[in-house]
Amino acid sequence: MVNPDFLIPLETPCVFYDEDFLPKGDADGYYAKLLKEIKWEKSAKINRWVSLHHNLTGEEDYKYRDAPGAAQQGFHETVDHIRKLAEDWYEKEAGRRVEFNVCLLNYYENGQQRIGWHSDREEVGRSTPIASISLGTPRHFLIRSKVNGVQDRASLDLANGSLVIMENACQMEYLHSVPKQTEIETGRINLTFRCKEEGDLTLGEEAHELRDNCIMNLTDGMAADASGWSPVSDATKSVFGDNVRSTELDPDYPEIYFLVSTNLGAERYCAAEMTEVLDSAGLLMDMWSIVAAPMGLDGLVACSSKEKEPDTDLIRQITSLFLNLRSAQHVLNYHSHFGLEEIGEDPAKVDGETLYQYYKKQLVEGKMSVPPLEKLGKGTFRVTCERIGGPHAFQSSQVQFEMGGAMVEYYSKIKPKMEDYDVCVYVFVIGYQVVVATQLNVNDLSKERHFLQFRNAVTIKTNLAYAMVRLADITAGDRIADPFCGSGTLILEALEVYHKKLFCVGMDVSRRSANGAKQNAVAENCGDDVCKFVCCDARGLRKHLEDDSVDAIISNLPWGIMTGHKDVSDLKTMYEIFLRTAWYVLKPGGRIVMLVLRGLQITRIVRKLSGRFRLLSVNVVRTTNNLPCIVVVEKLKEDEIRDSIKGQLAHFNQYINVSPEIYHAIHNEDIDEQI
1 MVNPDFLIPL ETPCVFYDED FLPKGDADGY YAKLLKEIKW EKSAKINRWV SLHHNLTGEE
61 DYKYRDAPGA AQQGFHETVD HIRKLAEDWY EKEAGRRVEF NVCLLNYYEN GQQRIGWHSD
121 REEVGRSTPI ASISLGTPRH FLIRSKVNGV QDRASLDLAN GSLVIMENAC QMEYLHSVPK
181 QTEIETGRIN LTFRCKEEGD LTLGEEAHEL RDNCIMNLTD GMAADASGWS PVSDATKSVF
241 GDNVRSTELD PDYPEIYFLV STNLGAERYC AAEMTEVLDS AGLLMDMWSI VAAPMGLDGL
301 VACSSKEKEP DTDLIRQITS LFLNLRSAQH VLNYHSHFGL EEIGEDPAKV DGETLYQYYK
361 KQLVEGKMSV PPLEKLGKGT FRVTCERIGG PHAFQSSQVQ FEMGGAMVEY YSKIKPKMED
421 YDVCVYVFVI GYQVVVATQL NVNDLSKERH FLQFRNAVTI KTNLAYAMVR LADITAGDRI
481 ADPFCGSGTL ILEALEVYHK KLFCVGMDVS RRSANGAKQN AVAENCGDDV CKFVCCDARG
541 LRKHLEDDSV DAIISNLPWG IMTGHKDVSD LKTMYEIFLR TAWYVLKPGG RIVMLVLRGL
601 QITRIVRKLS GRFRLLSVNV VRTTNNLPCI VVVEKLKEDE IRDSIKGQLA HFNQYINVSP
661 EIYHAIHNED IDEQI
């Protein structure tokens with residue numbers, strides 16, 4: 001029988017709190033002992049000190065993505081003592097016996113360190129409770145419903161020696177956080193106990209394995225897209241994202257349910273990943289259609305259904321999968337869209353007030369709606385606008401104000417709030433099209449994926465890094481190189497996608513960058529067994545890599561803006577020497593994937609070296625206010641043009657008396673390839 005005295009008042013009673021779980025004197029002693037004796041690490045992706053302990057038979061039986069590098073077999077005596085007390089408490093007050101076999105210790109040095117809104121990761125078992133014991137300085141603990149976070153929420157001050165137990169339903173229905181408290185200058189230790197069943201996977205782990213499998217299954221070929229430009233004569237040579245539907249919605253799938261945003265120009269990469277994710281999870285692909293840039297909406301990918309109201313459980317499952325997309329920025333529920341030409345004859349002259357009047361009328365007449373705001377009751381929301389193209393007679397801030405005002409007036413119980421809101425309404429103004437959707441993710445999926453202790457002046461976003469890694473067409477066990485590695489983002493992304501089953505070589509002419517990239521790799525628990533970093537000029541690849549030893553080269557080449565290479569001829573020379581030397585270190589059929597601002601210049605060089613490389617793909621993408629190209633080339637087995645010319649010269653040499661000097665001049669090339 002559950003003791004109601006310890007239950008936190010939530011609509012779903014799933015959280016226990018006992019302020020006096022440990023005597024204060026004992027709690028102080030445990031804090032000092034653990035702080036001194038535990039082997040703390042700060043090399044994982046979470047910016048606080050951690051230590052992982054378990055008594056499982058093998059480390060492979062436990063998966064926790066943000067765990068430190070070395071999980072410790074067996075419990076520290078103090079940890080084990082507290083574990084038994086927590087088990088006894090739960091049996092007495094909740095009426096169930098449980099055995100905790102995993103403990104993650106977190107040490108917060110002060111109130112600056114926090115953890116944002118989250119529910120515990122799915123790869124940890126969800127069928128059993130989680131026990132959390134606090135030692136040291138009290139900290140705020142907040143919990144709120146994922147659906148109705150205004151009315152269904154609670155807050156606690158976690159006292160020294162207190163216990164919080166969250167049932168499995170808590171992770172499904174609620175989010176919790178420990179917010180920043182800048183006034184606190186002393187520390188807190190948190191012990192989080194979990195139960196992991198050895199052997200069989202939990203439901204959460206099965207979903208995690210599905211995501212892993214779809215990433216690992218990278219070798220299936222795709223037919224070339226006839227609508228795209230490609231010089232490749234071999235139809236089996238295609239690149240990631242070639243075989244996706246774009247622009248026109250399939251009439252058999254009329255109901256748009258999800259929208260996913262990404263960089264302009266990168267829609268096909270995101271659409272390809274979404275298709276793989278759904279297909280790998282076996283989610284009835286004949287029921288869903290993925291379309292890149294639907295209706296000409298650049299930067300968006302639509303997931304549409306045959307049914308107007310798809311199954312709720314299926315929607316939850318797809319939402320969970322889409323929130324783990326690596327090529328996306330935001331995942332949204334689509335609600336409505338309209339054209340500015342519907343409001344005025346000249347869409348460029350439609351101002352903010354006119355936009356407000358039109359949208360308010362659509363809400364009142366029931367032609368448009370924002371269902372999450374209808375369900376919110378007295379909650380809070382904000383409007384975020386992303387505006388591209390034009391010209392427009394309004395700014396993004398005006399769209400937020402006017403559209404938000406219409407929503408406040410129609411949904412009279414809701415209130416606008418810029419921070420700690422319950423619902424974020426996204427308004428995309430793309431050219432003269434307006435799209436209204438609500439955001440499902442909390443943070444931008446393309447940011448903060450890797451724990452970068454060092455940041456270069458220019459760092460590529462992780463969603464584009466993922467696309468470039470996929471374009472390289474590599475497989476587990478391959479060897480890749482990044483000759484302009486900067487902060488090492490491309491290497492870290494490749495290692496994470498392929499579960500560290502690659503060997504990566506990072507190079508940079510800046511010793512600071514090479515050392516910083518190595519520091520970032522160490523922070524991600526990537527050691528010398530999977531990557532190394534060298535300070536060198538990219539033109540000297542052959543000094544550090546053997547010929548025919550690399551499966552792919554993936555790199556963000558210098559743009560000539562931040563690097564000092566402002567003279568176009570200098571960049572051209574560097575690009576050409578780099579490509580010539582890269583040909584030697586690549587294996588036959590290996591690819592070079594380059595992000596480069598001067599796309600026309602690099603393609604001219606590739607055409608000049610057409611006997612050595614086959615140009616597979618050139619795709620312009622938008623990054624902030626720049627328009628670089630992602631260029632993909634493939635190494636041909638031999639320099640066909642060079643060998644043909646030299647062979648013909650050797651053949652005709654038998655008929656003509658050519659001096660050694662002239663013959664050498666004919667055979668010699670303009671640029672020294674041995675640099």
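Residues in the sequence shown are numbered consecutively from 1, following full-length UniProt numbering.
All C-beta atoms, glycine included, are put in the ideal place defined by N, C-alpha and C.
Model, not experiment: these values are computed from the prediction.
How big is the Cα-Cα spacing for residue i and residue j?
{"i": "D234", "j": "M468", "result": "Residue placement at D234 cannot be trusted, given a pLDDT of 49 that sits under 50; what the coordinates show is reported in the next sentence. Near 22 Å, if we compare the C-alpha coordinates of M468 and D234."}
{"i": "L636", "j": "R316", "result": "46 Å"}
{"i": "G486", "j": "P251", "result": "46 Å"}
{"i": "L249", "j": "V442", "result": "28 Å"}
{"i": "F613", "j": "K417", "result": "54 Å"}
{"i": "Y575", "j": "A582", "result": "10 Å"}
{"i": "G265", "j": "L259", "result": "16 Å"}
{"i": "D28", "j": "V631", "result": "60 Å"}
{"i": "S513", "j": "V633", "result": "26 Å"}
{"i": "G125", "j": "L452", "result": "Residue placement at G125 is poorly supported in this model, since its pLDDT is 46, which falls under 50; the coordinates still yield a value, given next. Their backbone Cα atoms lie some 29 Å apart in a straight line."}
{"i": "H335", "j": "Y411", "result": "15 Å"}
{"i": "L492", "j": "C536", "result": "19 Å"}
{"i": "R580", "j": "N556", "result": "17 Å"}
{"i": "E167", "j": "T128", "result": "7 Å"}
{"i": "D20", "j": "S369", "result": "48 Å"}
{"i": "S611", "j": "H544", "result": "The question names Ser, but residue 611 is Gly in the sequence shown. So the two alpha carbons sit approximately 25 Å from each other."}
{"i": "Y584", "j": "I577", "result": "11 Å"}
{"i": "R591", "j": "A472", "result": "6 Å"}
{"i": "T462", "j": "E365", "result": "42 Å"}
{"i": "F454", "j": "Y269", "result": "28 Å"}
{"i": "L464", "j": "I82", "result": "46 Å"}
{"i": "K349", "j": "H392", "result": "7 Å"}
{"i": "V164", "j": "K501", "result": "39 Å"}
{"i": "G74", "j": "M295", "result": "57 Å"}
So is residue i in contact with chain D if we call contact Cβ pairs under 8 Å?
{"i": "Q395", "result": "This model lacks chain D altogether; it includes just one protein chain."}
Please tell me whether residue i and residue j are closer than 8 Å, where the distance is taken between their beta carbons.
{"i": "S246", "j": "V291", "result": "yes"}
{"i": "V15", "j": "I130", "result": "no"}
{"i": "H118", "j": "L175", "result": "yes"}
{"i": "Q362", "j": "S446", "result": "no"}
{"i": "S162", "j": "Y17", "result": "yes"}
{"i": "L373", "j": "A437", "result": "no"}
{"i": "A169", "j": "T12", "result": "yes"}
{"i": "L158", "j": "Y30", "result": "no"}
{"i": "V509", "j": "V534", "result": "no"}
{"i": "I460", "j": "L490", "result": "yes"}
{"i": "M287", "j": "S305", "result": "yes"}
{"i": "I622", "j": "N263", "result": "The question names Ile, yet the displayed sequence has Arg at residue 622. Cβ distance < 8 Å, so R622 and N263 count as in contact."}
{"i": "G589", "j": "L571", "result": "no"}
{"i": "L325", "j": "M274", "result": "yes"}
{"i": "A86", "j": "I133", "result": "yes"}
{"i": "L314", "j": "L283", "result": "yes"}
{"i": "F484", "j": "P371", "result": "no"}
{"i": "V399", "j": "G344", "result": "no"}
{"i": "V2", "j": "G149", "result": "no"}
Short of 8 Å in beta carbon distance, which residues of its chain neighbour residue i, apart from the five on each side in sequence? Order them along the chain.
{"i": "G339", "result": "P347, Y432, Q433, V434"}
{"i": "K587", "result": "D548, S549, V550, D551, K635"}
{"i": "K24", "result": "N160, G161"}
{"i": "K308", "result": "E255"}
Which residues in the same chain as residue i place their Cβ atom closer than 7 Å to its Cβ, once the five residues preceding and following it in sequence are excluded?
{"i": "Q181", "result": "G111, R139, H140"}
{"i": "C629", "result": "V596, G599, V618, N619, V620"}
Only counting the same chain, and skipping five residues up and downstream in sequence, which positions put a Cβ closer than 6 Å to that of residue i?
{"i": "R97", "result": "E91"}
{"i": "K415", "result": "T380"}
{"i": "G404", "result": "V383, P416"}
{"i": "E402", "result": "G352, L355, Y356"}
{"i": "G228", "result": "Because G228 sits at a pLDDT of 34, beneath the cut-off of 50, its placement in the model cannot be relied upon, and the following sentence gives the value as read from the coordinates. So the list is empty, once near-sequence residues are dropped."}
{"i": "R470", "result": "F240"}
{"i": "Y421", "result": "T380, F381, R382"}
Completely contained alpha helix (DSSP H) runs for the segment 516-546, where each covers 4 or more residues
541-544
What ranges does the alpha helix (DSSP H) occupy inside the segment 430-482, keeping only unbroken runs of at least 4 residues that lie completely in it?
462-471
Using a Cβ distance threshold of 8 Å, determine whether the segment 183-196 contacts the segment 103-116, with at least three qualifying pairs required.
yes
At least 3 beta-carbon pairs within less than 8 Å: the segment 418-430 vs the segment 378-398
yes
On the three-pair Cβ rule with 8 Å, is the segment 538-548 touching the segment 511-518?
no
Inside the segment 291-343 only - alpha helix (DSSP H) runs reaching at least 4 residues:
312-322
Mind pulling the alpha helix (DSSP H) runs of 4 or more residues that sit fully within the UniProt domain "Fe2OG dioxygenase" (99-197)?
168-173
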